[in-house]
């Protein structure tokens, strides 16, 4: 255990925690955005995967990670549009629509990845982002190497959380989103376009969640593999509840999950006599336990999952 | 009237499937192959060829049982996205009884394994049911997360304590031949699990239609208040419908081991639990239509292998087509959505949630 008190190792551990929480944080932030507007977002898993696939396609075609981000966000936004059309315009139950999108994205990315990458799928190494050290800041002991020596998308994530927070609590639009999520008919009476707000939020959420997928491909694995989101979207759903539908709360919940994920990796390494599957279960069990141990009852946005029909106001 | 609307909605699903197949032919064309030839091979291989039919029936069993495991709780307004995990735990229990409870005559041993599998699945489903009833924790998220826990649990068991000595890949020892399920088509893999699934679908159909059980299940969902006054416990209903659903999914896992693979494999289910959701959607939550949709999805799956061998098209195209099917069915649901069984299920879900949130624990 003494290794935990070694400053370098501890810093390394924090750094790993942060990196593992990045895809979750993007997805959870997207979840907060769309659920606050009243659209349940079980499709986060599919959006992560769509983003990962788009990142791989973009980076492969243009040999440039930024193109990867652009295509990834585009694919995520497309998945979001799909959810918005089904859930907001057609009034298909949002859970049904979300599950449909997850299954569709799973199938179509598996198929298209064979078409696009063909046999080289497992040998290919895509261009990605490298970590860079921020001058001076990265020299702060402990947190310097952990926080200020990451790659671009980690900082994008932090900026996104701040922006969504400011958007929710400091802008008129944010107020409108919250109003639509709590009481769509009142918002409608006040002249807010319920469908418009929901479309905006769900499509933006698709693009943001996709960034989590981009991070997986462009910063961690450097290739696309089928099913690579592997349940992260569902853990993010738990983080949304745990963070009580706030951007900062969701980020903290994701950091918690990232911490346990890093811990399980460290434990796997340190206790190789214990079967690794026990440690792999840990993030999922922690998510469930966190929901169970949540102090007080979480209250979701009142209109979540409900189809708003204007004539029925 | 409701029954008539139900059947109309099912036919709408048929059109949705056709639309998905047409769009899917575009995907096949993308690979430079002839879609008509591909589909012809697929359907011939799945439904017209003796071996193909057997392989379709083998795949129908887990799909149908998993579909029923989704349908039953949804009738009361509850989502069970955890059939996948329940399949794994059911298979684990059944395999354990098959391997470690020796000296029982064959038929009795099969029965005991089946029972163990059902109990395993039910216990796994009990976790989200209890969390839902007593803490009002979203059952969708809990069942989803538990799927991954079950996957890793079985993976641990077959690469550790249950692993066959010297096996190149994580799997358990073979179960004794005495517990192999009898075959229904000679010299093929088609086992009698599919008959059990069919019988259970029929039972569920009549229970929903004719008995007080089905009635009270829907009443509890429709109006928990009224149900409470009529002496029906909402919490008990949630728990029972999840227990039965878990048992059904557990049976799916059990029959995979006893009838098809004869061992417990790492990651053997390959998403049967999630495909069960597709089956349930496609059947508009109707147990008898679930038989048809399970056969259809199973046919797609078994035909896909033949298509890959004969025409050289990746089986992943079928996964994509399956995704298209569900997407188009979701769109078709939008037409007269309010009359569909889903709309009813969602109203029930809302009522249950409100009730659980407002009521003190009993």
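Residue numbers (UniProt numbering), protein chains in the order written: chain C, 1 to 313; chain P, 1 to 362. Glycine included, every Cβ here is placed at the ideal spot set by N, Cα and C. From a predicted model like this one, the values you see are computed outputs, not experimental measurements.
Reference residue i; option with closest CA among the options
| i | options | result |
| --- | --- | --- |
| residue 302 (chain C) | C:42, C:36 and C:85 | C:36 |
| residue 310 (chain C) | C:255, C:68 and C:90 | C:90 |
| residue 219 (chain C) | C:288, C:207, C:237 and C:156 | C:156 |
| residue 196 (chain C) | C:21, C:10, C:16 and C:87 | C:87 |
| residue 178 (chain P) | P:319, P:257, P:197 and P:160 | P:257 |
| residue 92 (chain P) | P:275, P:265 and P:349 | P:265 |
| residue 100 (chain C) | P:346, P:348 and P:274 | P:274 |
| residue 137 (chain P) | P:35, P:107, P:312 and P:238 | P:238 |
| residue 262 (chain P) | P:347, P:180 and P:96 | P:180 |
| residue 259 (chain P) | P:346, P:58, P:287 and P:156 | P:58 |
| residue 85 (chain P) | P:66, P:301 and P:288 | P:66 |
| residue 209 (chain C) | C:81, C:189 and C:131 | C:81 |
| residue 153 (chain C) | C:145, C:129 and C:161 | C:129 |
| residue 125 (chain P) | P:155, P:69 and P:175 | P:69 |
Buried/exposed call for residue i, threshold 16 Cβ in 10 Å
| i | result |
| --- | --- |
| residue 299 (chain C) | exposed |
| residue 236 (chain P) | exposed |
| residue 17 (chain P) | buried |
| residue 227 (chain C) | exposed |
| residue 77 (chain P) | buried |
| residue 143 (chain P) | buried |
| residue 107 (chain P) | exposed |
| residue 168 (chain P) | exposed |
| residue 160 (chain P) | exposed |
| residue 22 (chain P) | exposed |
| residue 56 (chain C) | buried |
| residue 349 (chain P) | buried |
| residue 75 (chain P) | buried |
| residue 9 (chain C) | exposed |
| residue 47 (chain C) | buried |
| residue 93 (chain C) | buried |
| residue 171 (chain C) | exposed |
| residue 29 (chain P) | exposed |
| residue 277 (chain C) | buried |
Partner residues on chain P for residue i, Cβ-Cβ distance less than 8 Å
| i | result |
| --- | --- |
| residue 26 (chain C) | Under the 8 Å cutoff, chain P gives no residues; its nearest Cβ is about 18 Å from residue 26 (chain C). |
| residue 238 (chain C) | 141 and 145 |
| residue 106 (chain C) | 319 and 323 |
| residue 190 (chain C) | Those within 8 Å of residue 190 (chain C) in chain P number zero; the least Cβ separation is about 25 Å. |
| residue 114 (chain C) | 314 and 316 |
| residue 110 (chain C) | 316, 319 and 320 |
Short CB-CB distance (under 8 Å) between residue i and chain A
| i | result |
| --- | --- |
| residue 327 (chain P) | You won't find chain A in this structure, because its protein chains are C and P. |
Inter-residue CB distance, residue i and residue j (contact presumed, cutoff 8 Å)
| i | j | result |
| --- | --- | --- |
| residue 67 (chain C) | residue 61 (chain C) | 7 Å |
| residue 315 (chain P) | residue 304 (chain P) | 4 Å |
| residue 52 (chain C) | residue 214 (chain C) | 7 Å |
| residue 185 (chain P) | residue 19 (chain P) | With 8 Å as the limit, residue 185 (chain P) and residue 19 (chain P) do not qualify as a contact, their Cβ atoms being about 33 Å apart. |
| residue 107 (chain C) | residue 83 (chain C) | Their Cβ separation, rounded to whole angstroms, is 16 Å, which puts residue 107 (chain C) and residue 83 (chain C) out of contact at 8 Å. |
| residue 292 (chain P) | residue 283 (chain P) | 7 Å |
| residue 290 (chain P) | residue 201 (chain P) | 6 Å |
| residue 250 (chain P) | residue 121 (chain P) | 2 Å |
| residue 139 (chain P) | residue 79 (chain P) | 6 Å |
| residue 159 (chain C) | residue 38 (chain C) | Actually they do not touch by this definition, with Cβ atoms about 26 Å apart. |
| residue 124 (chain C) | residue 223 (chain C) | 5 Å |
| residue 212 (chain C) | residue 23 (chain C) | 4 Å |
| residue 258 (chain C) | residue 33 (chain C) | Contact flag wrong, Cβ pair sits at about 20 Å. |
Under 7 Å from the C-beta of residue i: neighbouring residues of chain C
| i | result |
| --- | --- |
| residue 135 (chain P) | 292 |
| residue 330 (chain P) | 86, 92, 96, 97 and 100 |
| residue 346 (chain P) | 93 |
| residue 368 (chain P) | With chain P represented from 1 up to 362, any question about residue 368 (chain P) goes unanswered, as that position is not in the structure. |
Proximal residues of chain P, C-beta to C-beta of residue i below 7 Å
| i | result |
| --- | --- |
| residue 231 (chain C) | 148 |
| residue 322 (chain C) | No answer is possible for residue 322 (chain C): it lies beyond the span of chain C, which begins at 1 and ends at 313. |
| residue 304 (chain C) | Within 7 Å Cβ-Cβ: nothing; residue 304 (chain C) doesn't reach chain P, min ~10 Å. |
| residue 42 (chain C) | 140 |
Under 9 Å by beta carbon: chain C residues contacting residue i
| i | result |
| --- | --- |
| residue 210 (chain P) | Going along chain C, no residue has its Cβ under 9 Å from residue 210 (chain P), so there is no contact; the nearest lies around 28 Å. |
Residues that residue i contacts on chain C, provided the C-beta gap is smaller than 8 Å
| i | result |
| --- | --- |
| residue 19 (chain P) | Result: empty, since nearest Cβ-Cβ is about 14 Å, beyond 8 Å. |
Item to check | Residues from the segment 202-216 of chain C in contact with chain P, defined by Cβ distance under 7 Å | outcome: none
Checklist entry - Residues in the segment 14-38 of chain C with C-beta within 8 Å of chain P's C-beta atoms, listed in sequence order? => result none
Checklist entry - Using a Cβ cut-off of 9 Å, which residues of the segment 272-290 of chain P contact any Cβ in chain C, in chain order? => result Within the segment 272-290 of chain P, the residues whose Cβ lies closer than 9 Å to some Cβ of chain C are 274, 275, 277, 278 and 281, listed in chain order.
Checklist entry - Taking a cut of 7 Å between CB atoms, which residues from the segment 268-290 of chain C lie near chain P? => result 275, 277, 278, 280, 281, 284, 285, 287 and 288
Item to check | Under 8 Å (Cβ pairs) to chain P, residues found in the segment 66-97 of chain C | outcome: Taking 8 Å as the cut-off between beta carbons, the residues of the segment 66-97 of chain C near chain P are 82, 86, 90, 91, 92, 93, 95, 96 and 97, in sequence order.
Checklist entry - Between the segment 159-186 of chain C and chain P, which residues of the former have a C-beta closer than 7 Å to a C-beta of the latter? => result Cβ contacts with chain P: none found.
Checklist entry - Between the segment 155-169 of chain P and chain C, which residues of the former have CB atoms less than 8 Å from a CB of the latter, in chain order? => result 155, 156, 159 and 160
Next on the checklist: If the cut-off is 8 Å on Cβ atoms, which residues from the segment 240-269 of chain C count as contacting chain P, listed in chain order?
Outcome noted: 241
Checklist entry - Which residues, in chain order, does the segment 16-40 of chain P contribute to contact with chain C at a C-beta distance below 9 Å? => result 27, 30 and 31
Checklist entry - Which residues, taken in chain order from the segment 65-96 of chain P, show a beta carbon closer than 8 Å to some beta carbon of chain C? => result 79 and 81
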